[in-house]
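For reference, the structure discussed in these notes is given below.
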Amino acid sequence: MKLSKELITLDLETTGTWIEKDRIIEIAMIKSFPSGEEQVYSKRVNPGMSIPPAVAELTGIDDDAVKEAPAFSEIAGEVSAFLGDADLAGFNIEAFDLPLLGKELNSCGYKFSAQGRRIYDAKKIYHLNEKRDLSAAYRFYCGKTLEDAHSALADTRACLEVLVSQATRYIGEGYGIEELGKFDYKPKPEFYDEERRFRWWNGKLYIMFGKYARKYSLEDLAREDRKYLEWIVSADFSPSVKELAEKALRGEFPKNPAGGE
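With our numbering applied, the sequence shown has no gaps in its numbers, which climb one by one up to 243 at the end.
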């Protein structure tokens, strides 16, 4: 790989995906030099909060794994020094890793900005260059070129062939399409309502608007400012948000459908 400047490829494992609140539990960086040499920096981090079960299952990092690890404030200086003014690379780093890393560094008194650096985001490059449409699926699963793409009948026939091929590939020969029902991919519910007025974090719902935005959980509101919940009930919000506020006033709080994260 030809380089004219140092390049750091990095990845973070974190307690969740809320940049403002979640914390780093592992950081890894590989610094590539124009000479071809490499330096590696890799450390686990004690986030100072409980690691949600879903994150522990995904990463293999639970509370016990980081109880002896340093807090990020203890390694912020060496992380900042390792970063220097190098260009940066990673997978989805522009949307997640860099904002969260910047938040952590800045909170420890170290200035960090992606401005002035070249950013190479492998996810963005991947999605720009590799189509993820029906024609691409037809080539991948069926080994054919989709003629008359965007003709309703041609697209419908191709989709049926793709499903048959998927059943064979992922379930096995002799199984029907019905077996694909086990692949019911559902996004993790980060928000309680469609308007995104309340968001799940660390097992609690946090309000995302008004003077308590990103600061108070629903339980906090019920305890500290019941009049604010009463205003929500009387104001122009969706029925689900009003019902949520009404129940909170009665001391009833929903459980996270994701199972505690």
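Note that beta-carbon positions come from the ideal geometry of N, C-alpha and C, so glycine has one too.
When secondary structure is reduced to three states using DSSP, L(-15) falls in the coil class, being assigned neither helix nor strand. Under the three-state reduction of DSSP, L128 is assigned to coil, being neither helix nor strand. A distance of 9 Å or more separates the beta carbons of T41 and I12. Pairing L226 with L187 gives a Cβ-Cβ distance under 9 Å. L83 has its alpha-carbon roughly 11 Å from the corresponding atom of Y92. Counting C-beta atoms within 10 angstroms of its own C-beta, D4 has 16 or more neighbours from the protein chains shown and is therefore classed as buried. Across the set E2, R100, L116, D202, the C-alpha of R100 shows the shortest separation from the C-alpha of G72. Y23 has M11 as its beta-bridge partners, per DSSP. Per DSSP, K209 has no beta bridge partner at all. Sixteen is the threshold: when 16 or more other Cβ atoms of the shown chains lie within 10 Å of the Cβ of F54, as they do, the residue is buried. Taken atom to atom, the span from the alpha-carbon of I1 to that of D79 is near 9 Å. When secondary structure is reduced to three states using DSSP, I214 falls in the helix class. Contact holds between the stretch 120 to 135 and the stretch 146 to 155, because three or more Cβ pairs, one in each stretch, are under 8 Å apart.
Check the Cα spacing between L116 and each of S133, A140, Y108, G98: the tightest is with A140. Counting along the chain, Y188 sits inside the beta strand (DSSP E) bounded by residues 186 to 189. With 16 or more neighbouring CB atoms inside 10 Å of its own CB, I6 falls in the buried class. Excluding the 5 residues flanking it on each side, S24 has same chain C-beta neighbours closer than 6 Å at A10, in chain order. Out of S220, T150, I153, the CA that lies nearest to the CA of E176 is found in S220. Rounded to whole angstroms, the gap between the alpha carbons of R181 and E172 is 6 Å. Taking a C-beta distance under 9 Å as the contact criterion, A68 and L128 do not qualify as a contact pair. Annotation: Y194 to L(-6) spans about 29 Å, alpha carbon to alpha carbon. In the structure shown, D69 adopts extended strand secondary structure according to DSSP, grouped into three states. A direct Cα-to-Cα measurement between G233 and A204 gives close to 8 Å.
With respect to K49, N74 sits apart: the two C-beta atoms are not nearer than 9 Å. The stretch 55 to 114 is shown to contain whole beta strand (DSSP E) runs of 3 or more residues at 69 to 72, 101 to 103, in chain order.
Secondary structure of F219 (DSSP, three-state): coil.
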